[in-house]
Every structure is written in C-alpha cells, then in structure tokens.
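2 protein chains.
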Amino acid sequence: MADTQTIIPVILSGGSGTRLWPMSTPDRPKQFLPLTGERTMFQLTALRTHVADRFDAPIIVANARHAELIEAQLGEIGVSPAAIILEPCARNTAPAIALAALEAGSAPLLVMPSDHIITNEAAFMAAVAAALPLVEQGWLVTFGITPTGPETGYGYIRKGDALAGEPCKVERFIEKPSRSAAEAMLADGNHLWNGGIFLFRADIYLGALSIHAPDMLAAAKAALAQAKRNGARIFPNNEAFAASPADSIDYAVMEKAERVAVVPVSMGWSDVGSWDALHEIGHKDEHGNLSTENARLDNTSGMMVKSDGIRISASGVDNLIIIASGNEVLILPRGSSQDVKKFAG
Amino acid sequence: MADTQTIIPVILSGGSGTRLWPMSTPDRPKQFLPLTGERTMFQLTALRTHVADRFDAPIIVANARHAELIEAQLGEIGVSPAAIILEPCARNTAPAIALAALEAGSAPLLVMPSDHIITNEAAFMAAVAAALPLVEQGWLVTFGITPTGPETGYGYIRKGDALAGEPCKVERFIEKPSRSAAEAMLADGNHLWNGGIFLFRADIYLGALSIHAPDMLAAAKAALAQAKRNGARIFPNNEAFAASPADSIDYAVMEKAERVAVVPVSMGWSDVGSWDALHEIGHKDEHGNLSTENARLDNTSGMMVKSDGIRISASGVDNLIIIASGNEVLILPRGSSQDVKKFAG
Numbered sequence: 000m001a002d003t004q005t006i007i008p009v010i011l012s013g014g015s016g017t018r019l020w021p022m023s024t025p026d027r028p029k030q031f032l033p034l035t036g037e038r039t040m041f042q043l044t045a046l047r048t049h050v051a052d053r054f055d056a057p058i059i060v061a062n063a064r065h066a067e068l069i070e071a072q073l074g075e076i077g078v079s080p081a082a083i084i085l086e087p088c089a090r091n092t093a094p095a096i097a098l099a100a101l102e103a104g105s106a107p108l109l110v111m112p113s114d115h116i117i118t119n120e121a122a123f124m125a126a127v128a129a130a131l132p133l134v135e136q137g138w139l140v141t142f143g144i145t146p147t148g149p150e151t152g153y154g155y156i157r158k159g160d161a162l163a164g165e166p167c168k169v170e171r172f173i174e175k176p177s178r179s180a181a182e183a184m185l186a187d188g189n190h191l192w193n194g195g196i197f198l199f200r201a202d203i204y205l206g207a208l209s210i211h212a213p214d215m216l217a218a219a220k221a222a223l224a225q226a227k228r229n230g231a232r233i234f235p236n237n238e239a240f241a242a243s244p245a246d247s248i249d250y251a252v253m254e255k256a257e258r259v260a261v262v263p264v265s266m267g268w269s270d271v272g273s274w275d276a277l278h279e280i281g282h283k284d285e286h287g288n289l290s291t292e293n294a295r296l297d298n299t300s301g302m303m304v305k306s307d308g309i310r311i312s313a314s315g316v317d318n319l320i321i322i323a324s325g326n327e328v329l330i331l332p333r334g335s336s337q338d339v340k341k342f343a344g
Numbered sequence: 000m001a002d003t004q005t006i007i008p009v010i011l012s013g014g015s016g017t018r019l020w021p022m023s024t025p026d027r028p029k030q031f032l033p034l035t036g037e038r039t040m041f042q043l044t045a046l047r048t049h050v051a052d053r054f055d056a057p058i059i060v061a062n063a064r065h066a067e068l069i070e071a072q073l074g075e076i077g078v079s080p081a082a083i084i085l086e087p088c089a090r091n092t093a094p095a096i097a098l099a100a101l102e103a104g105s106a107p108l109l110v111m112p113s114d115h116i117i118t119n120e121a122a123f124m125a126a127v128a129a130a131l132p133l134v135e136q137g138w139l140v141t142f143g144i145t146p147t148g149p150e151t152g153y154g155y156i157r158k159g160d161a162l163a164g165e166p167c168k169v170e171r172f173i174e175k176p177s178r179s180a181a182e183a184m185l186a187d188g189n190h191l192w193n194g195g196i197f198l199f200r201a202d203i204y205l206g207a208l209s210i211h212a213p214d215m216l217a218a219a220k221a222a223l224a225q226a227k228r229n230g231a232r233i234f235p236n237n238e239a240f241a242a243s244p245a246d247s248i249d250y251a252v253m254e255k256a257e258r259v260a261v262v263p264v265s266m267g268w269s270d271v272g273s274w275d276a277l278h279e280i281g282h283k284d285e286h287g288n289l290s291t292e293n294a295r296l297d298n299t300s301g302m303m304v305k306s307d308g309i310r311i312s313a314s315g316v317d318n319l320i321i322i323a324s325g326n327e328v329l330i331l332p333r334g335s336s337q338d339v340k341k342f343a344g
C-alpha cells in the first residue's frame with residue numbers, strides 16, 4: 000500500500016432488483032437486503048474498506064430513491080460517507096464513476112459494485128496492494144476473478160503480457176459467452192471473470208474519458224456544476240446528466256484506453272445474481288436445505304427457502320426454490336432461477 | 000314423497016378443520032369455505048333441501064363459536080333456520096342428532112353433514128323418496144354411496160337382504176379398511192360407502208337411543224331442558240351436555256338397532272376430505288392445473304393451487320399442491336395431501 004495517499008472507495012449502487020424477486024424490488028434492490036447474514040451486501044461492501052489508515056470515507060453513487068435507505072444502512076454500521084451522489088436518472092456505470100471522480104481530485108479510486116459477495120477479504124486487499132504501484136503510474140486496473148466453472152452469466156477478460164508480479168495487461172474483454180466458449184476459456188487458463196471492480200486514479204479516469212467519451216465527461220461536469228447539495232447528499236442536475244450517453248465503464252473506457260491492466264484474484268467472489276447462486280454460497284443443512292426460520296421443512300432435500308414474513312410449510316418435495324416476500328410467493332425448480340424474469344417487474 | 004308430512008333437514012356442522020389447512024382452521028372449518036365455487040359447502044347443503052313443499056326449515060347443530068358465521072351464510076342464501084342448536088362442547092354425532100330430534104317431534108329427519116359435495120342432486124332426492132316409505136314404517140335409513148374406487152378413507156356398509164325396491168337391510172358397518180380389503184369390497188359389489196347421511200323419524204331415533212344409549216338421551220334432554228334460547232339460537236346447558244357419552248350415530252345406534260336399512264345411491268358425492276380430493280372433483284385446465292385467480296402458472300401441469308390473498312407465481316413445476324391462506328403457504332406433492340397433518344393445528 001502507498002504510505003502517503005489513501006484510497007477513496009466508490010460504491011456503486013445500481014441494479015434494477017429483478018433477479019432476486021420477490022425479495023428484491025425496484026424500491027429495495029438486492030444490495031439492501033440481508034441475504035447472506037445479518038448485514039446487507041451494501042453494508043458488507045462499505046465495511047470492506049472501513050479501514051482508516053488505508054481508505055478514506057467512501058463516495059456512494061446511487062439512485063435518488065434510495066437516499067434514506069443508504070443513510071440508514073450506513074448509520075447502522077457507523078460509516079460516514081464523504082458523499083452520496085444521487086443520480087437523477089440511470090446512465091450506466093461510466094457516467095456514475097465520472098461523477099465520483101470529479102468529486103475526488105487525483106486520489107486512487109476503488110470502484111466496487113455494492114451487490115457482490117467477497118468471502119476472502121484478505122485476498123482482495125492483497126490484490127489491491129498488488130495493483131497500487133501500477134495505478135500510481137497511471138494504469139487503469141481491473142480485478143479478474145479466477146473462474147471456478149464455465150459460467151455463462153459473466154463477462155470474461157483475456158490476460159495479455161505480464162507486468163511486474165501478478166498484474167497483466169488486458170488483451171481483451173469478452174461478453175457473456177456461450178457454454179462451449181466458457182468451457183474453452185476455463186480450460187486454457189488465460190481468462191478471468193470480469194467482476195466489475197476497478198482501481199485507478201480519478202484524474203487518469205477523467206483523462207481517459209476526455210479522449211474516449213468527451214460528451215459523457217461534459218455531461219457529468221455540467222450536472223455537478225449545477226448540483227444541489229445538502230449535507231453529504233449531492234443531487235446532480237437532472238437535465239444535464241440526462242444528456243450523457245449511457246454506457247458501461249468496460250465499453251466506454253476500459254476496452255479503448257491504452258494502459259489497462261488486470262490483477263487476477265481468487266477471493267470467494269459471487270455476484271449473488273440468482274436464487275441458485277445464493278443457494279450455492281449459503282449455509283445448508285445435512286439435507287442440502289437452505290431455509291429461514293419461518294419455514295417448516297419435512298422430508299425435503301436441496302431446498303432454497305427464504306421468507307420475510309409468510310410462513311412456508313413444505314413436505315415431500317425436493318430441489319425447489321421457494322421465496323416469499325410481502326404478499327408474493329415464488330416457486331421454481333432449483334437450477335431454473337433465471338425464470339424469475341417471467342414474473343418479476 | 001309423503002303428501003302429508005314434510006321432512007326436517009338436520010345439518011351437522013362439525014369437523015375440526017385440519018385436513019384442508021391452511022384454508023380451513025378451527026375458526027373456519029371447511030364447510031364455511033367457498034372451495035368449489037361461489038357458495039360454501041354449508042350453503043350448498045342448506046340449499047339442497049330449500050324446497051318448500053318437501054322440506055321444512057332446517058335445524059342446524061353446530062359449534063357455538065360458529066353461530067355468527069352460520070347466520071351470515073344462511074342470510075346470504077335466504078334460508079331461515081327453524082333452530083340453530085349451538086353445542087357447548089363436542090360429543091360426536093349421536094348426541095348432536097339427539098338434540099335436533101328432541102326439537103323436532105315425530106317428523107322425518109334428513110341428517111346431513113355440512114361439508115360434503117353432491118353433484119347429482121336429483122339422484123339424492125330420488126334416494127330420499129325411495130327411503131321414505133321405510134322411514135314411515137319406523138326404519139332407520141342410511142344412504143350408501145356406490146363406490147367408485149377402493150378408498151381407504153371411508154367406512155363401508157355391507158348390504159343384506161333386499162327390502163321393497165332399492166333399499167336393503169344393513170348387514171354390517173365396516174370401519175376404514177386396508178387397501179386390500181377395500182379392493183375386495185369394491186370387487187364383490189355388495190358394499191357401499193358410508194356417507195353419514197341418514198333419514199328416520201325423530202321419535203324412532205329417540206326410541207332407539209333410549210334402548211341403546213339411555214345416558215346419551217338423558218343428557219340431551221337435560222341439556223335442552225336447561226337451555227337458553229335467543230331467537231333461533233338454542234344454547235344447551237354445558238354441564239348437562241358434557242355429561243353425555245361421546246359417540247357416533249353409527250356406533251351408538253345404527254350398528255345396534257333392529258330395523259336399519261341402506262338405500263344405495265350414485266350421486267357424485269365427495270367428502271372433499273383433502274386437497275387431492277378437491278383437485279379430483281374441481282375444474283382443471285388443459286394441463287390438469289386447478290388454480291385461483293391470484294396464481295400465475297407458467298409451464299406447469301397437474302397443479303392444485305389455491306390462495307385467498309397471497310399471490311403465487313410458479314414455473315417449471317408439476318403435480319404440486321400449493322395452498323396459501325392468510326400468512327401461511329403449504330406445499331406438498333399431489334397424492335400426499337394427508338401430510339397436511341404434519342403442519343395443521
């Protein structure tokens with residue numbers, strides 16, 4: 000780690016809240032739910048960098064409708080944000096990060112989605128430390144998750160030439176692949192999952208934006224110039240921000256910039272993108288059942304049962320996803336959790 | 000039918016409300032639920048004999064906690080009861096019918112459970128007409144349902160010598176049989192299901208009670224002598240009624256009395272004793288799904304889905320029972336609806 004300059008965590012709170020319906024909803028997407036324990040994934044993300052000598056207070060970039068939820072959840076864990084930038088509309092990750100970078104000066108930014116799980120935090124911190132020398136030299140660094148299976152739901156990164164130590168140049172970014180392509184990438188050992196976690200200096204990111212997406216940078220600057228501020232809350236101007244092109248950081252910057260590196264890391268990462276994923280990472284009983292207190296399971300196995308109120312009583316069934324929230328109950332076979340999209344929203 | 004004497008329907012509203020949990024509960028057992036259409040089974044039972052020239056106003060015998068429910072449900076269908084006898088405690092069917100018989104004088108009583116379905120009412124009325132001459136001669140008549148399968152959940156009646164026309168003497172009553180015994184009875188054609196429906200003169204029943212269960216008759220008389228009355232409501236004395244032996248009419252009277260006949264009838268009868276039974280008799284779509292409005296089924300077959308509020312969304316599952324009521328959801332494989340007892344009550 001650098002002795003002189005601390006890192007500013009930038010926590011992105013996006014997501015439409017449909018894949019974990021009925022628990023996640025637009026009013027309460029999955030990062031604000033305590034899906035894996037007592038803390039929500041947003042809280043776990045904020046706590047991950049709540050280390051005074053290495054990190055500054057975080058900048059949160061979020062949907063304006065979640066302002067109170069964010070303040071309440073940060074309050075519960077005793078984290079004071081440097082800023083909560085409340086987007087008046089969604090323009091994908093590149094403009095969101097631009098808003099944070101413009102507030103941050105030239106500090107290194109650790110950009111993190113708020114809805115992922117990392118079980119090995121020491122491995123994550125080691126990867127950040129490994130990336131920092133490159134970042135100080137002006138590289139844009141992404142973290143590539145060592146794949147554990149031929150997942151078709153993630154983007155991949157192909158490693159290029161090695162830099163000093165673990166980091167490599169990025170050869171290219173690959174979109175969600177077919178099954179066979181995923182299997183080939185897993186087999187060749189040269190590919191990593193794109194976890195959407197980045198480390199770079201704010202000024203370097205803004206410089207790359209000025210070259211590769213100048214309209215986006217201009218829109219972010221204008222939105223902040225006309226922003227309303229209230230305590231930590233920053234409300235960028237709606238009309239100015241709406242004028243920004245909508246694009247991801249991968250497309251707008253990382254694929255186009257010159258000095259882009261990837262640091263491989265194996266850290267128990269999951270994007271918790273489905274009820275199946277949550278079953279996979281969660282604590283199961285000896286019959287492979289994962290369930291909450293208000294469920295009564297008798298003669299069942301392989302169940303993923305979760306409820307925030309309704310009492311679920313099931314007997315003689317196996318390998319079902321049963322999720323109850325509010326006045327809704329979802330029932331799917333395990334392995335089919337993508338079918339939630341038939342009902343959500 | 001007799002020209003001179005009309006029949007008094009006696010509707011028995013017993014049942015603990017556990018087999019159709021979570022919809023049926025002790026506060027609202029299954030006869031008070033609209034399980035097969037707009038009307039509840041209690042209402043359908045009352046409407047079955049709501050024929051002015053053949054039947055008098057009914058006598059209801061029920062649990063005291065259901066008094067208001069009964070009056071409301073009778074009010075909805077425009078039936079005025081002769082009496083609502085509200086049992087202070089449950090003593091099984093023989094004492095319940097004794098209370099009704101003591102209120103009725105010497106009229107023929109048609110005793111009916113309130114929680115059965117009869118889809119062919121004309122066949123039922125024809126069976127009643129066939130029984131009436133015997134009843135006027137002092138016979139105790141039961142109606143035997145022509146079996147449609149080797150059911151192990153019902154009692155059976157073995158037919159004896161034929162009387163005039165369809166009716167036969169009862170040779171004996173048989174308790175819920177084993178599967179093999181049920182198959183043998185179905186094969187020999189001499190057995191009928193015991194549907195718990197009876198026709199006899201009130202005075203003949205009371206006479207049989209005085210011989211075979213004198214303590215029961217004495218308790219019923221004492222309970223009514225000290226009863227409180229309020230409009231149609233009759234509240235038998237608790238202490239006096241509690242002193243009665245608890246026994247079914249089958250054991251206490253029908254198995255012991257001399258002149259006991261059975262009239263065979265095939266009338267689309269079901270005791271709706273389980274969610275499986277309800278699926279069997281209900282209207283299903285082309286995929287064999289029976290469901291209520293607030294259920295969303297996608298790529299399912301053979302489902303029995305019912306909810307009184309919670310919205311159920313299911314995809315890719317087959318042959319499940321999913322029942323939601325209030326804050327409870329029950330999930331079982333079809334064919335296992337007896338497992339509801341693991342959770343109910």
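Chains as they are written, first to last, in numbering that gives the first Met the number 0: chain Y, 0 to 344; chain A, 0 to 344. For each residue, glycine too, the CB sits at the ideal point set by N, CA and C.
query                                                                                                                                                            : result
Within the region 253-304 of chain A, note down every full alpha helix (DSSP H) run reaching 4 residues or more, in order along the chain.                       : 274-280
Distance check for W138 of chain Y and K168 of chain Y, CA to CA, integer angstroms please.                                                                      : 10 Å
Using a beta-carbon distance below 8 Å, is A349 of chain Y in contact with chain A?                                                                              : An answer regarding residue 349 of chain Y cannot be provided, because it is not within the stretch 0 to 344 covered by chain Y.
Sort out for me which residues DSSP pairs S314 of chain A with in a bridge.                                                                                      : A:D297
Of the residues Y:R228, Y:V304, Y:M253 and Y:G315, which one's Cα is nearest the Cα of D275 of chain Y?                                                          : Y:V304
For G77 of chain A and I6 of chain A, I'd like the C-alpha separation in whole angstroms.                                                                        : 19 Å
Would the region 151-165 of chain Y and the region 173-185 of chain Y be scored as touching if the rule is three or more Cβ pairs under 8 Å?                     : yes
With burial defined as no fewer than 16 other Cβ atoms inside 10 Å of the residue's Cβ, what is the status of A1 of chain Y: buried or exposed?                  : In this prediction, A1 of chain Y scores a pLDDT of 42, lower than 50, which makes its location untrustworthy; the coordinate-derived value is nonetheless stated afterwards. With fewer than 16 Cβ atoms within 10 Å of its Cβ, A1 of chain Y is classed as exposed.
Exposed or buried, which one is E257 of chain Y when buried takes at least 16 other CB atoms within 10 Å?                                                        : exposed
Give the interface partners of G308 of chain A over in chain Y, defined as CB-CB distance under 8 Å, in chain order.                                             : N326
A129 of chain A and V339 of chain A look like a contact to me (Cβ under 8 Å); what is the Cβ gap, rounded to whole Å?                                            : Actually they do not touch by this definition, with Cβ atoms about 37 Å apart.
Could I get the ranges of all uninterrupted alpha helix (DSSP H) runs contained in the region 92-148 of chain A, with 4 residues as the minimum, in chain order? : 92-103 and 120-135
Using beta carbons (cut-off 8 Å, strictly below), is S336 of chain Y in contact with chain A?                                                                    : no
Is it buried or exposed, T44 of chain Y, if we count other Cβ atoms within 10 angstroms and call 16 or more buried?                                              : buried
For R295 of chain A and chain B, any beta-carbon pair shorter than 8 Å?                                                                                          : Absent from the structure: chain B. Protein chains present are Y and A.
Between V271 of chain A and chain Y, is the shortest Cβ-Cβ distance under 8 Å, so that the two count as touching?                                                : no
Can you find a CB in chain Y that lies within less than 8 Å of the CB of A323 of chain A?                                                                        : yes
Would you mind working out which of Y:S12, Y:Q30, Y:Q4 and Y:L11 sits nearest I273 of chain Y, comparing C-alpha positions?                                      : The residue you asked about is not Ile; residue 273 of chain Y is Ser in the sequence shown. Of the candidates Y:S12, Y:Q30, Y:Q4 and Y:L11, the one whose C-alpha sits nearest the C-alpha of S273 of chain Y is Y:Q30.
Using DSSP with H/G/I as helix, E/B as strand and the rest coil, what is F342 of chain Y?                                                                        : coil
Let me know the secondary structure DSSP gives R47 of chain Y once reduced to three states.                                                                      : helix
Among Y:A231, Y:D249 and Y:E182, which has the Cα closest to the Cα of A207 of chain Y?                                                                          : Y:D249
Does P87 of chain A have its Cβ less than 8 Å from a Cβ in chain Y?                                                                                              : no
Quickly, what does DSSP pair T5 of chain Y with across the bridge? List them, please.                                                                            : Answer by DSSP bridge pairing: none, since T5 of chain Y is not bridged.
In the DSSP assignment, the beta strand (DSSP E) including S336 of chain Y goes from what residue to what residue?                                               : Careful: S336 of chain Y lies outside any beta strand (DSSP E) and carries neither H nor E.
How would you list, in chain order, the residues of chain Y whose beta-carbon sits under 7 Å from the beta-carbon of F342 of chain A?                            : R295 and S312
Can you tell me where the beta strand (DSSP E) holding I233 of chain Y begins and where it ends?                                                                 : R232 to F234
Need the endpoints of the alpha helix (DSSP H) that D307 of chain A sits in, please.                                                                             : Segment: none, D307 of chain A is in no alpha helix (DSSP H) and carries neither H nor E.
In terms of residue numbering, what span does the alpha helix (DSSP H) encompassing Y204 of chain A cover?                                                       : A201 to H211
Where does K168 of chain Y fall in DSSP's three states?                                                                                                          : strand
Specify, as a first and last residue, the run of the beta strand (DSSP E) that L34 of chain A falls within.                                                      : Segment: none, L34 of chain A is in no beta strand (DSSP E) and carries neither H nor E.
Would you kindly work out how many angstroms separate the C-alpha atoms of R310 of chain Y and G36 of chain Y, rounded to a whole number?                        : 19 Å
Quick one: what's V328 of chain Y bridged to in DSSP?                                                                                                            : Y:A323 and A:I311
Under DSSP, the beta strand (DSSP E) around G159 of chain A begins and ends at which residues?                                                                   : Y155 to A161
Using beta-carbon positions only, say whether M253 of chain A and I196 of chain A come within less than 8 Å of one another.                                      : no
Given 8 Å as the limit, is there contact between the region 64-72 of chain Y and the region 182-192 of chain Y, that is, 3 or more CB pairs closer than that?    : no
Of the choices Y:A260, Y:D55 and Y:P146, whose alpha-carbon is the least far from that of A183 of chain Y?                                                       : Y:P146
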